[in-house]
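Here the structure comes first, spelled out in structure tokens, and everything after it is commentary.
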Amino acid sequence: MKNLAPAIFPPKGIGDAKPSNKAVLDWVHEIATLTQPENIFWCDGSEREREFLITESLKQNVLIELNEKKVPRSYLHRSSPNDVARVEQFTFVCTPTKEEAGPTNNWAEPGETYAKLRDLLSGAMRGRTMFVIPYMMGPADSPLTKVGFEITDSKYVVLSLRTMTRMGEIALRRLGDDPNAEWNRGVHSLLDVNPERRFICHFPQDNTIISVGSGYGGNVLLSKKCLALRIGSYLARKQNWMAEHMLILGVESPQGRKHYVAAAFPSACGKTNFAMLIPPAHFKGWKVTTVGDDIGWMRIRDGRLYAVNPENGYFGVVPGTSHKSNPNAMRSIAHDTIYTNVALTDDGDVWWEGKDGEPPAHAIDWRGNDWTPQSKEKAAHPNSRFTTPMRNNPALDPDVEKGEGVPISAIIFGGRRSDTAPLVYQAFDWNHGVYLGATMASETTAAATGAVGRVRRDPMAMLPFCGYNIGDYFQHWLDIGKQLANPPLIFNVNWFRKGADGKFLWPGFGENMRVLKWIIDRCEGSGGALESPIGWLPSPHDLDLAELDIDHNAVDELLGLDHEEWQKEIAAHKEFFDSLGGVVPEVLQKQREQLAAGFEM
Ligand code: OXD
Ligand code: MN
Numbered sequence: 024m025k026n027l028a029p030a031i032f033p034p035k036g037i038g039d040a041k042p043s044n045k046a047v048l049d050w051v052h053e054i055a056t057l058t059q060p061e062n063i064f065w066c067d068g069s070e071r072e073r074e075f076l077i078t079e080s081l082k083q084n085v086l087i088e089l090n091e092k093k094v095p096r097s098y099l100h101r102s103s104p105n106d107v108a109r110v111e112q113f114t115f116v117c118t119p120t121k122e123e124a125g126p127t128n129n130w131a132e133p134g135e136t137y138a139k140l141r142d143l144l145s146g147a148m149r150g151r152t153m154f155v156i157p158y159m160m161g162p163a164d165s166p167l168t169k170v171g172f173e174i175t176d177s178k179y180v181v182l183s184l185r186t187m188t189r190m191g192e193i194a195l196r197r198l199g200d201d202p203n204a205e206w207n208r209g210v211h212s213l214l215d216v217n218p219e220r221r222f223i224c225h226f227p228q229d230n231t232i233i234s235v236g237s238g239y240g241g242n243v244l245l246s247k248k249c250l251a252l253r254i255g256s257y258l259a260r261k262q263n264w265m266a267e268h269m270l271i272l273g274v275e276s277p278q279g280r281k282h283y284v285a286a287a288f289p290s291a292c293g294k295t296n297f298a299m300l301i302p303p304a305h306f307k308g309w310k311v312t313t314v315g316d317d318i319g320w321m322r323i324r325d326g327r328l329y330a331v332n333p334e335n336g337y338f339g340v341v342p343g344t345s346h347k348s349n350p351n352a353m354r355s356i357a358h359d360t361i362y363t364n365v366a367l368t369d370d371g372d373v374w375w376e377g378k379d380g381e382p383p384a385h386a387i388d389w390r391g392n393d394w395t396p397q398s399k400e401k402a403a404h405p406n407s408r409f410t411t412p413m414r415n416n417p418a419l420d421p422d423v424e425k426g427e428g429v430p431i432s433a434i435i436f437g438g439r440r441s442d443t444a445p446l447v448y449q450a451f452d453w454n455h456g457v458y459l460g461a462t463m464a465s466e467t468t469a470a471a472t473g474a475v476g477r478v479r480r481d482p483m484a485m486l487p488f489c490g491y492n493i494g495d496y497f498q499h500w501l502d503i504g505k506q507l508a509n510p511p512l513i514f515n516v517n518w519f520r521k522g523a524d525g526k527f528l529w530p531g532f533g534e535n536m537r538v539l540k541w542i543i544d545r546c547e548g549s550g551g552a553l554e555s556p557i558g559w560l561p562s563p564h565d566l567d568l569a570e571l572d573i574d575h576n577a578v579d580e581l582l583g584l585d586h587e588e589w590q591k592e593i594a595a596h597k598e599f600f601d602s603l604g605g606v607v608p609e610v611l612q613k614q615r616e617q618l619a620a621g622f623e624m
């Protein structure tokens with residue numbers, strides 16, 4: 024086997040932050056006995072450690088240094104061309120019974136899967152360094168915060184995790200010495216980065232994740248999709264909270280009134296852009312701030328939902344990011360960023376499709392080949408990513424570290440739909456909102472391997488991330504609603520509707536503020552709306568469209584309901600529910616019947 028991650032030997036004082044919790048030590052010992060690493064590197068998250076790992080990564084070509092003047096303290100990483108996205112077909116939920124994993128997950132029997140993974144991991148770290156990374160998800164003083172450990176043989180994972188999580192001492196302190204404390208066990212090995220030996224396996228009952236054969240972020244930064252969502256959602260149901268694939272943002276009016284909103288959109292549908300939105304000139308004095316761009320953990324407090332962002336950084340899609348589409352993201356990734364699979368210019372800068380300015384006359388593409396604007400290949404992979412600390416974001420919300428979280432006024436669901444779904448509408452109540460989430464659909468993107476542009480149902484944007492039976496997940500949403508005296512209002516948005524000419528009808532990006540403003544108005548009881556079979560719809564004059572260059576017909580189309588499209592849509596809801604094989608709660612089946620009846624009148 025080609026040695027992909029040769030061992031490194033740190034100088035004294037680095038790599039020796041051994042935790043004292045006996046349960047952790049026993050587990051590390053067990054994994055080391057199995058994988059046979061050359062040495063064990065106990066990470067502490069310090070600056071010295073970072074410098075050492077960067078130096079070693081540069082030597083071993085795990086990272087390429089970028090031009091210090093253009094992108095200070097930033098690096099480029101190229102993953103294997105066979106390993107550039109999440110692999111949903113090789114992602115497993117290993118619960119004792121298939122029913123617990125439910126109809127939307129790949130299920131594998133835990134005993135057999137452990138045995139298979141043990142075989143694959145046996146001796147897998149020979150000649151390599153095994154890193155043990157303690158990390159914490161959530162603010163230091165939040166009751167929702169969780170501790171995890173990731174064992175990995177990838178320096179890229181260590182360096183990325185120190186951006187994406189609160190890593191090192193802080194996590195060890197939070198865990199303490201109680202051998203029965205709750206913590207997540209994560210094991211990752213690159214193996215030989217072979218798609219045939221690539222498995223991302225979750226054992227919710229054991230709070231354990233084992234990921235092998237990949238070096239791509241979504242498969243290997245186990246804090247993120249694996250812990251914060253798949254295992255997180257399982258724990259959330261058990262412990263009566265919610266782990267959701269949601270951005271969280273704050274909106275403050277010129278008068279200083281502030282609301283927080285959480286929004287679930289499928290992967291690569293603009294969550295980061297929405298979370299960092301800059302209101303257009305017309306909304307002078309309005310401010311949008313970011314709590315999180317991908318994951319929200321929410322709990323009930325005083326009859327309301329309060330949310331924290333468990334992450335510490337952003338792992339966002341690069342292509343299309345520009346000063347026009349997302350100035351705050353551009354500022355965030357201007358320094359201290361790890362880029363994965365973008366193009367490298369001759370002067371050591373990074374480039375991608377959709378970046379401001381002219382393409383460079385020559386670059387090295389994401390695969391490491393020469394590239395010119397005449398090349399047929401893309402310079403950056405469509406799912407190329409940035410890993411950047413949230414503190415780089417100029418619009419970071421001041422309450423991002425608040426342990427109690429931020430109170431959520433509205434939940435927004437959304438997808439990428441060329442037709443059918445209007446720009447925005449509001450659910451009649453919580454249960455109807457759960458139905459909107461449960462029947463969400465979106466055209467697929469490059470965030471996962473497979474066909475792009477196919478409409479698929481993606482309930483609450485959690486299809487690839489719900490760690491248990493989706494029917495129980497829907498029921499959990501309904502049960503949470505019953506406990507909320509002041510539930511958030513629920514909305515559905517679609518920035519992506521197209522006209523007959525195939526062009527987007529809505530300008531999107533900063534202009535989405537106009538939709539957000541209507542949502543906030545509704546939360547404050549002031550915005551107008553018309554009752555329709557699908558929910559409360561704004562009429563054109565309910566939206567503030569002043570100073571927006573948009574055709575009246577386009578607005579009518581954006582807010583219109585096409586009966587034929589909706590008949591098809593409702594039939595698709597039924598087909599989807601039927602495909603889940605009887606797990607959908609009766610309340611949601613009733614919602615569908617009511618919706619269908621609305622179109623028969
Ligand atoms: C992500 C994803 O990386 O959803 O956030 O795929
Ligand atoms: Mn995501």
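Take 24 as the starting number for the sequence shown in our numbering and just add one per residue.
Glycine included, each C-beta is placed from N, C-alpha and C at the ideal position.
**Message:** I'd like to confirm something about D316: is its beta-carbon nearer than 6 Å to some heavy atom of the ligand MN, or not?
**Reply:** no
**Request:** Output the distance between the C-alpha atoms of L539 and L140, rounded to the nearest integer angstrom.
**Result:** Going by the C-alpha atoms only, they are around 46 Å apart.
**Asked** Given that a residue counts as buried once 16 or more other Cβ atoms are within 10 Å of its Cβ, and exposed if not, what is G428?
**Response** buried
**Prompt:** So what's K378 in DSSP terms, helix, strand or just coil?
**Reply:** coil
**Asked** When the Cα of D379 is compared with those of P289, G343, E616, which residue comes out closest?
**Response** Of the candidates P289, G343, E616, the one whose C-alpha sits nearest the C-alpha of D379 is G343.
**Message:** Let me check understanding here. Comparing Cα to Cα, which of G460, G548, H282, D201 lies closest to A444?
**Reply:** Closest option to A444, Cα to Cα, is G460.
**Request:** Determine the closest residue to V340 out of N406, F172, M536, with distance taken between C-alpha atoms.
**Result:** N406
**Request:** Tell me, please, which residues DSSP counts as bridged to L300.
**Result:** Answer is none; L300 lacks a bridge partner.
**Asked** Quick one: what does DSSP say C66 is sitting in, helix, strand or coil?
**Response** coil
**Request:** Determine which residues share a DSSP beta bridge with F222 and list them.
**Result:** DSSP lists V235 as partners of F222.
**Request:** Answer yes if the segment 177-187 comes into contact with the segment 197-207, meaning at least three C-beta pairs across the two stretches below 8 Å, and no otherwise.
**Result:** no
**Prompt:** When you compare only the Cα positions, how much space is there between P530 and L568?
**Reply:** 12 Å
**Request:** Compute the minimum distance between the beta carbon of S290 and the heavy atoms of the ligand MN, and state whether it is under 6 Å.
**Result:** yes
**Item:** Whole runs of the beta strand (DSSP E) within the segment 140-224, excluding any shorter than 3 residues
**Value:** Uninterrupted beta strand (DSSP E) stretches at least 3 residues long and entirely within the segment 140-224 occur at 152-160, 169-175, 207-212, given in chain order.
**Prompt:** DSSP three-state call for Q612: helix, strand or coil?
**Reply:** helix
**Whether K294 touches D316 by CB criterion (7 Å)** = Cβ atoms of K294 and D316: closer than 7 Å.
**Request:** Would you check if the distance between the CB atom of L86 and the CB atom of S80 is smaller than 7 Å?
**Result:** yes
**Prompt:** Taking the Cβ atom as the reference point for each residue, do P430 and R280 lie within a distance shorter than 7 Å?
**Reply:** Against a cut-off of 7 Å, the Cβ pair of R280 and P430 comes out as no contact.
**Enclosing beta strand (DSSP E) for T56 [first to last residue]** = No beta strand (DSSP E) contains T56, which is instead part of the alpha helix (DSSP H) from 45-58.
**Request:** Please classify K247: is it buried, with 16 or more other beta-carbons within 10 angstroms of its beta-carbon, or exposed?
**Result:** buried
**Request:** Report the rounded CA-to-CA distance for A619 versus Q590, giving the unit in angstroms.
**Result:** If I take the Cα positions, the gap works out to 8 Å.
**Item:** Of the residues D420, A508, I31, G391, the one placed nearest G150, counting alpha carbons only
**Value:** I31
**Request:** Run the proximity test for G241: is its beta-carbon closer than 6 Å to any non-hydrogen atom belonging to the ligand OXD?
**Result:** yes
**Asked** If you count every other CB in all the chains shown that lies within 10 Å of the CB of N492, and 16 or more means buried, which is it?
**Response** Within a 10 Å sphere around the beta-carbon of N492 sit 16 or more other beta-carbons, which makes this residue buried.
**Prompt:** When the distance is taken between beta carbons, is L214 closer than 7 Å to G241?
**Reply:** no
**Request:** Just the C-alpha distance for L167 and D422, rounded to the nearest angstrom, thanks.
**Result:** 15 Å
**Request:** Grab me the residues of F306's own chain with a C-beta within less than 6 Å of its C-beta, minus the 5 sequence neighbours each way, in chain order.
**Result:** M536
**Item:** Secondary structure of W529, DSSP reduced to three states
**Value:** coil
**Straight-line gap, Y448 to G551 (C-alpha atoms, nearest Å)** = 11 Å
**Prompt:** If you count every other CB in all the chains shown that lies within 10 Å of the CB of Q617, and 16 or more means buried, which is it?
**Reply:** Burial check for Q617: the Cβ neighbour count within 10 Å stays below 16, so the residue is exposed.
**Contacting residues, own chain, Cβ-Cβ under 6 Å from A131 (five flanking each side not counted)** = F115, C117
**Prompt:** Does DSSP classify N364 as helix, strand or coil?
**Reply:** coil
**Message:** Under DSSP, the alpha helix (DSSP H) around M321 begins and ends at which residues?
**Reply:** From DSSP, M321 is part of no alpha helix (DSSP H) but of the beta strand (DSSP E) over 319-324.
**Asked** Is it the case that the Cβ atoms of F409 and I356 are separated by a distance below 7 Å?
**Response** I356 is positioned such that its CB atom lies closer than 7 Å to that of F409.
**Asked** What span of residues does the alpha helix (DSSP H) with N242 cover, start to end?
**Response** 240-243
**Message:** Between the alpha carbons of D393 and D106, how many angstroms are there, rounded?
**Reply:** Using only the alpha carbons, I get a separation of about 20 Å.
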